[in-house]
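Participant: Provided herewith is a single structure, encoded as structure tokens, for subsequent inquiry.
Number of protein chains: 2
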Amino acid sequence: MRFGLCVRSALLAGLGACVIGAPAAADEGMWLFNGLPREALQSRYGFEPSAEWLERVQKSALQFDGASGSFVSRSGLVLTNHHVGSDQIHKLSTPERDLMRDGFVARSLAEEIPCADLVLRSLTRIEDVTADVKRAAEGLSGEEASAARRAAVSRIESAAREAGSQDASVVTLYHGARHHLYHYRRYTDVRLVFAPHSQVAFWGGDHANFGYPRFNLDMCLFRVYENGKPLEPEHHLRWSESGAADGDLILVAGHPWRTQRLLTVDHVRFVRDVDLPLSLFEAWRRESIWQQYVNRGSEERRIGMEALGGVQNRRKARAGVLAGLLDPSVMDALRTAEHRVRATATVVEDAADPWRQIGEACDRYRAFHARHVATGGNRPFRSALASIALDLVRLAEELPKPSGERLVEYRDTALDGLYVGLYSPAPIYPPFEIESIAAGLSYLAELFGAEDPLVTALLDGRSPRARAEQLVGVTKLADVAERRRLAEGGRAAIEASEDPLLRFVRAWDAEERRLRARFDREVGSVLDAAYARIAAARFELDGDRVYPDATGTLRFSFGPVRGYEESGRDVPPFTTYGGLYEQQALRAGDPAFALPAVWSERRDKLNPRTPLNFVCTADIIGGNSGSPALNRAGEVVGVVFDGNIQSLIWDMRYTDQQARAVCVDSRGIVEALRVIYDAPALVDELRGSR
Amino acid sequence: MRFGLCVRSALLAGLGACVIGAPAAADEGMWLFNGLPREALQSRYGFEPSAEWLERVQKSALQFDGASGSFVSRSGLVLTNHHVGSDQIHKLSTPERDLMRDGFVARSLAEEIPCADLVLRSLTRIEDVTADVKRAAEGLSGEEASAARRAAVSRIESAAREAGSQDASVVTLYHGARHHLYHYRRYTDVRLVFAPHSQVAFWGGDHANFGYPRFNLDMCLFRVYENGKPLEPEHHLRWSESGAADGDLILVAGHPWRTQRLLTVDHVRFVRDVDLPLSLFEAWRRESIWQQYVNRGSEERRIGMEALGGVQNRRKARAGVLAGLLDPSVMDALRTAEHRVRATATVVEDAADPWRQIGEACDRYRAFHARHVATGGNRPFRSALASIALDLVRLAEELPKPSGERLVEYRDTALDGLYVGLYSPAPIYPPFEIESIAAGLSYLAELFGAEDPLVTALLDGRSPRARAEQLVGVTKLADVAERRRLAEGGRAAIEASEDPLLRFVRAWDAEERRLRARFDREVGSVLDAAYARIAAARFELDGDRVYPDATGTLRFSFGPVRGYEESGRDVPPFTTYGGLYEQQALRAGDPAFALPAVWSERRDKLNPRTPLNFVCTADIIGGNSGSPALNRAGEVVGVVFDGNIQSLIWDMRYTDQQARAVCVDSRGIVEALRVIYDAPALVDELRGSR
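Those protein sequence lines, which keep their order, are chains S and L.
Mapping of the first sequence onto our numbering: residues 9 to 698, in sequence order.
Mapping of the second sequence onto our numbering: residues 9 to 698, in sequence order.
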């Protein structure tokens, strides 16, 4: 369950660099829809997507809560992963109706449950605005050039919205070499249609996560409505009857969040020795604290499991990348690739060698990296209330400024989404909030010492737990009306409020702004300029045989269904329901591998040969969770939900010897809907999509 | 399950300071058997132990694997905690016979199972050798004085052994103000007699740990043999028929490991801001790694649960101390206590203020603390094979030196115990060893960077996992005969060996020696001298109303059975079997709170009113686990097994508002032996001890 969850933390990562991709080898590549590797697809697979094929896939693909999904029926049915939808499924659950534990099937449209705060987007059009953005910064350099580009981007986005675009944002690609304006259609009335038991969606729990063979029904269904009726989308994907076979080409459309495929070696060393260890420390610590929380009882388990699963996922992903970077052969390959560009690039003649500049910027960053990362965004507290308070304080500060001068999270293009979260009626659990804030306060004290000025300001003379109890006990921010009053009242309302949580986040906000500015000045701007020069060198060398590093926007990747060898034995590409029950017998007594009663009762009705999961070599990463896996005809043969453990290093380097994307098979989905969940109408709707 | 487990890690802690206790308040104090607070016992409780009482208790008490136990029958039966005995119970288990999971009852002497590597000791005599040790260092100072004292201690110990003492060691008390020679009797043939199911011994698992009310049958029984027959010990403790009642005075004889009750405020700040955070980081990290290991399957669970339980226990204990130190009222109290001594002490007139010297030494320590702690002892790897390799390499280096000049772990008095471990036939599990060493190598890389000279030397060009697989795959140290050959062959054999694990630990040994020497020179010796001067100031102020900080040797503590108030409700002092089943019903479905089948089947036969656990105010700490809890008559009314969460700060400061020691009730033990475990002979033997 790698992708959706990964993204929420990647959003907050301290490393701002975004660099261009390597020349694509094998099936490597997260390609732009307006920049497909047509030659490679044709020569390697004899596949040439038509304009109609591409348009249907592009417009059926959905951005879903930092990850991916797609329209799979003419009545607005949306397919994604259970672990991508689980944030909503969790919010819709109550002590009496635990949709995570028990699953959910809407037997009619009336039973479909509206989500509190879910916004989906489909990409309708791409415009190249590179010339406009570049023109704005002509003749300028450094901070001035950056500011001019930001202002231009903001102008372009505003103009697009005024011209009728529902949602438009400029995506910076190839580290500034290209700027594309993406026009989106937004969907805000989204309802839950089907979720399997979480025990089956995430069967095997943390142990099986990132493993293979897998046996996970990691999927769920939502439906988009418009004007109170199911949406009839312009395009949707058709369901494959026959599924995929070993060796078949799989095509994937999804939203990979962030790759770091061409960091310089010095930058990778920084990630390996400084950034990943801190990030892992925070994850291990949170994992223990939330594991203890869910152990307290069944209601705590219901409330906390989503957060625990998220942090376990993050821990495993980061540990996998670190393990890769501690493998000397990986570092050697990165060094070789760097030498290749460096040897031919004219930029190295410069006095200011960009590779050296990046190394020096990383060295400077060491001095304040932990502080920058630990105070970044909501990271220290992971608390809904603290996040709300921070948004209120910052909105009051930022909204009076022109959009292009605001912190990036508060620019006009971000506000619609931000208000959805801010005014969400999703439940807030005070005991969990107390635990989260107390853990965050102790974390800061552990990192910086109890007498650090920020720590003492936040603690305000109390212990971490006593402070958290006071803040959560007194604040009124659990009340949506109060949030709305404060947001609408602006700075005056914030300053007049005696809510202790607002005062609390102001101390933190000031520190975070200071560190963010220092990062931009001492590190970020240097990395931007240096990577832009390296990008230029790579264009010189490789022309357009490169794809941009992932940016959380729609990408196209591909690769055949293919097993692999591990520890001397063959790992076949497909698993089946028969295998699920065999594994269950082997792990009898382990609660992570238990099955819900109905899955045992109806075992004999399931065809044991029905495929459940399969692997392929398509290049995917965090954010691709929920991406439709398509055949050449553009039909859904599965949904991407994970990578195996060997793929974790794909963040930094693609290999296909053992690394694989893992998908739920479309045939396994239909079989479960039919036999286990008594949902023939949904099966008909999916099949009717043909 | 605080105490026994705590000790194994406390042994390795980086802080060498050992300071004198505060003037005793309420029931505070871990008193020497030759320095009881007779006046307080008399005036507060009207209790005056006779010489016979004291001798019987002292000689019945046992040092048990870093924790405590006692003789409880005339045939050498030994009572301790299950979590203290579990290291042995775990070693005696196999995939076919899991004594941890299933428990064990020997139905006859013939069925009692000999332990592989367990040595118990009872304290037979104490001699004051202060004058001898002081004389040796007369006229010397600094390093010279330390060396002279070490040599004197070694001479005294050797002389005692030559004069027929089985085991004798000098204990340094009051930070060098007193030196006592402790004579021990050793018992090396120890057999397992009874263990309950671990599920009942540690019922509620990590969540219930350090909680109260508790419902844990955390006890087990061993028997000491001599010449193939049950030992008839000179003294043993009698079993109480009636148990204790609310308000009854409880007397405890055990081996508290280490308190830091009178660290200076600057030193406590160092512990809070530097030492505890690192220690917690290591614990959180290990907890996650071992949790993942036990999740792999039932055999991995059997192998890894003991280690996982240990690290969870350590994590919770350290987090509890840190939470206490982040409470401003605790720091205020420490500051007030320090001011009191400082205001009256003449030493503050000195140019070299010892409080300031300690603060400065802590500041110096910051520069290499992480490295010193992370390389100390077996800490980074927690691997049996790496520990064996280190002992072999160091024995070859140390044995040729005079005992007084060796590293402290290799002095003559330590060797008997060391060889028991080194030649132990206890099973070694290669997959677990690989996991442990790989995790340790990655830990060092995370702390110091992958290109650190120590890290690169240890990795030798491989990834952590590949290196661990190579070391464990090739080494022959799992074979006891090979260990013996290398140990007996001395330096020549070690140098001639091509065992990669020996080469591996040599790089590590060199670094650890370098850091240990630096610590002694820059920090330890300064702390020693400064704390000695503070100790003198305290003697001046408080005379003999002080007890020395715990040193892992036999101590006497006391306090009544007493409940407490928590979050506005009364926590009664006793729990019962009835309460156990009530709790189980409340936590139905949570595997940590499940009961073995026989406990459900025989529920109706157990008297629900039989007490199971109780709390008292006796001052105990890690190492007190397994201590007998006695009534005024010196009869066993229970066995100490834990402190509640509020007592975790007792490491640094005793309070009795809520903090309590937790004991298994003697009546609960007898009831379980009788009803659940069909062990009437053991019941008769315990009762016959009257």
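Idealized CB from N, CA, C, for every residue including glycine.
Taking only beta-carbon atoms, is residue 114 of chain S less than 7 Å away from chain L?
Facilitator: It does not; no Cβ of chain L falls within 7 Å.
Participant: I want to verify the contact list: residues of chain L whose CB lies under 7 Å from the CB of residue 303 of chain S, in sequence order.
Facilitator: Result: 214, 215, 600.
Participant: If I measure Cβ to Cβ from residue 586 of chain S and keep anything under 8 Å in the same chain, skipping five residues before and after, which residues do I get?
Facilitator: Closer than 8 Å at the Cβ level, and outside the excluded window around residue 586 of chain S, lie 616, 617.
Participant: From the beta carbon of residue 328 of chain L, is the nearest beta carbon of chain S less than 7 Å away?
Facilitator: Chain S, which has no Cβ nearer than 7 Å to the Cβ of residue 328 of chain L, makes this no.
Participant: What residue ranges within the segment 624 to 686 of chain S form continuous alpha helix (DSSP H) runs of no fewer than 4 residues, ordered along the chain?
Facilitator: DSSP runs (the alpha helix (DSSP H)) wholly in the segment 624 to 686 of chain S: 674 to 679.
Participant: Just checking my contact of residue 382 of chain L with residue 452 of chain L at CB under 8 Å: how many whole Å lie between their CB atoms?
Facilitator: That pair is a contact at about 6 Å.
Participant: Using the beta-carbon count (16 or more within 10 Å), is residue 686 of chain L buried or exposed?
Facilitator: Classification for residue 686 of chain L: exposed.
Participant: Identify the continuous alpha helix (DSSP H) that holds residue 371 of chain S and give its terminal residues.
Facilitator: Element bounds for residue 371 of chain S: 362 to 374.
Participant: Could you tell me which chain S residues have their CB closer than 7 Å to the CB of residue 699 of chain L, listed as they occur along the chain?
Facilitator: Residue 699 of chain L is absent from the model: chain L starts at 9 and stops at 698.
Participant: Let me know if residue 377 of chain L comes out buried or exposed under the rule of 16 or more other beta-carbons within 10 Å of its beta-carbon.
Facilitator: Looking at its Cβ environment, which holds 16 or more other Cβ atoms inside 10 Å, residue 377 of chain L is buried.
Participant: In three-state terms, what does DSSP make of residue 484 of chain S?
Facilitator: If DSSP states are grouped into helix, strand and coil, residue 484 of chain S belongs with coil.
Participant: Could you check what DSSP says for residue 585 of chain L in three-state terms: helix, strand or coil?
Facilitator: Residue 585 of chain L: helix per DSSP, three-state reduction.
Participant: Can you find a C-beta in chain S that's less than 7 Å from the C-beta of residue 289 of chain L?
Facilitator: Closer than 7 Å to some Cβ of chain S, the Cβ of residue 289 of chain L qualifies, so yes.
Participant: Rounded to the nearest angstrom, what separates residue 548 of chain L and residue 133 of chain L at their Cα positions?
Facilitator: If you take the alpha carbons of residue 548 of chain L and residue 133 of chain L, they lie about 29 Å apart.
Participant: Could you give the DSSP three-state label for residue 565 of chain S: helix, strand or coil?
Facilitator: Residue 565 of chain S falls in the strand class under three-state DSSP.
Participant: Is the segment 412 to 423 of chain S touching the segment 498 to 510 of chain S in the sense that three or more CB pairs, one from each, lie closer than 8 Å?
Facilitator: No, they do not touch.
Participant: Using the C-alpha atoms, what's the distance from residue 680 of chain L back to residue 645 of chain L?
Facilitator: Their backbone Cα atoms lie some 15 Å apart in a straight line.
Participant: What are the start and end residues of each continuous alpha helix (DSSP H) run of 4 or more residues lying completely inside the segment 175 to 247 of chain S, in chain order?
Facilitator: Correct list: 206 to 209, 213 to 216.
Participant: Using a C-beta cutoff of 7 Å, does residue 454 of chain L count as contacting chain S?
Facilitator: It does: the Cβ of residue 454 of chain L has a partner Cβ on chain S nearer than 7 Å.
Participant: Buried or exposed: residue 56 of chain L, going by 16 or more other Cβ atoms within 10 Å of its Cβ?
Facilitator: Exposed: under 16 other Cβ atoms inside 10 Å.
Participant: According to DSSP, is residue 8 of chain L helix, strand or coil?
Facilitator: The question about residue 8 of chain L has no answer, for chain L in this structure spans 9 to 698.
Participant: Do the segment 233 to 248 of chain L and the segment 90 to 103 of chain L make contact, defined as three or more Cβ pairs closer than 8 Å?
Facilitator: Touching, no.
Participant: Rounded to the nearest angstrom, what separates residue 442 of chain S and residue 395 of chain S at their Cα positions?
Facilitator: Taking the straight line from one Cα to the other gives about 13 Å.
Participant: Under a CB-based cut-off of 7 Å, is residue 533 of chain S close to chain L?
Facilitator: Residue 533 of chain S does not count as touching chain L.
Participant: Out of L/521, L/389, L/366, L/600, point me to the one whose CA is closest to residue 534 of chain L's CA.
Facilitator: Nearest of L/521, L/389, L/366, L/600 to residue 534 of chain L, Cα basis: L/366.
Participant: For the candidate residues S/497, S/490, S/463, whose alpha-carbon lies nearest to that of residue 512 of chain S?
Facilitator: It is S/463 whose Cα lies nearest to the Cα of residue 512 of chain S.
Participant: Between residue 340 of chain S and chain L, is there a C-beta pair that is closer than 7 Å?
Facilitator: So, not an interface residue.
Participant: Go ahead and pull the three-state DSSP assignment for residue 310 of chain L.
Facilitator: In the structure shown, residue 310 of chain L sits in a helix (DSSP, three-state: H, G or I).
Participant: Could you tell me the distance, in whole angstroms, from the CA atom of residue 647 of chain S to the CA atom of residue 558 of chain S?
Facilitator: Taking the straight line from one Cα to the other gives about 19 Å.
Participant: In chain L, what lies closer than 7 Å to residue 334 of chain S by C-beta?
Facilitator: Within chain L, the residues near residue 334 of chain S are 450, 453, 458, 471, 472.
Participant: Give the secondary structure of residue 622 of chain S by DSSP, where H, G and I count as helix, E and B as strand, and everything else as coil.
Facilitator: Looking at residue 622 of chain S - three-state DSSP - the assignment turns out to be strand.
Participant: I'd like the list of long-range same chain contacts for residue 555 of chain L, defined as Cβ closer than 6 Å, with 5 residues on each side in sequence excluded.
Facilitator: Contacts found: 29, 37, 38, 39.
Participant: What residues match up with residue 129 of chain S in a beta bridge as DSSP calls it?
Facilitator: Answer is S/71, S/194.
Participant: Compare the C-alpha of residue 671 of chain L against each of L/621, L/325, L/689, L/693 and name the closest.
Facilitator: Of the listed residues, the one whose Cα sits closest to residue 671 of chain L is L/621.
Participant: Rounded to whole angstroms, how far is the Cβ of residue 545 of chain S from the Cβ of residue 401 of chain S, which I believe are closer than 8 Å?
Facilitator: Between residue 401 of chain S and residue 545 of chain S the Cβ distance is about 43 Å, and since that is not below 8 Å, they are no contact.
Participant: Apply the 10 Å Cβ neighbour rule to residue 272 of chain L and answer buried if 16 or more other Cβ atoms are within range, or exposed otherwise.
Facilitator: Looking at its Cβ environment, which holds 16 or more other Cβ atoms inside 10 Å, residue 272 of chain L is buried.
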